[in-house]
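Read through the structure below, which is laid out as structure tokens, and then see the notes.
In full-length UniProt numbering, the protein residues as written are 1 to 103.
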């Protein structure tokens, strides 16, 4: 499989993802529109976010930070978090277990 062959899905407004699913994890390659927001939420999945390009404001457990290319954030299971793209961004998220709702 090649990433260029995977069709992008708009999972939430401004978040366009190419999704790859294994047996126990999901890997999402996001193109995020400037100013697109993810409201605060939590889920059972562990998540690792990597900023590939752009500037992304991210709040984890009430602590806000600004992240740029190369930054990685580990999001524990059931930790409340939210985010906003301050610029257009490319992000990668890994989830375990699989995000079935993203299939």
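Ideal placement from N, C-alpha and C gives every residue a C-beta, glycine not left out.
Which stretch, first to last residue, makes up the beta strand (DSSP E) that contains residue i?
i	result
residue 82	81–85
residue 41	37–41
residue 60	55–60
residue 63	63–68
residue 75	72–75
Name the DSSP beta bridge partners of residue i, please?
i	result
residue 21	26
residue 14	DSSP lists no partner for residue 14.
residue 50	72 and 92
residue 9	17
residue 31	16 and 90
Could you have a look at residue i and say whether DSSP puts it in helix, strand or coil?
i	result
residue 96	strand
Evaluate residue i with the Cβ neighbour count: other Cβ atoms within 10 Å of its Cβ, from every protein chain shown; 16 or more gives buried, anything less gives exposed.
i	result
residue 93	buried
residue 70	exposed
residue 31	buried
residue 49	buried
residue 75	buried
residue 19	buried
residue 24	exposed
residue 26	buried
residue 3	exposed
For the ligand SAM, any of its heavy atoms closer than 6 Å to the Cβ of residue i?
i	result
residue 90	In terms of ligand content, the structure shown is empty, and the ligand SAM therefore cannot be addressed.
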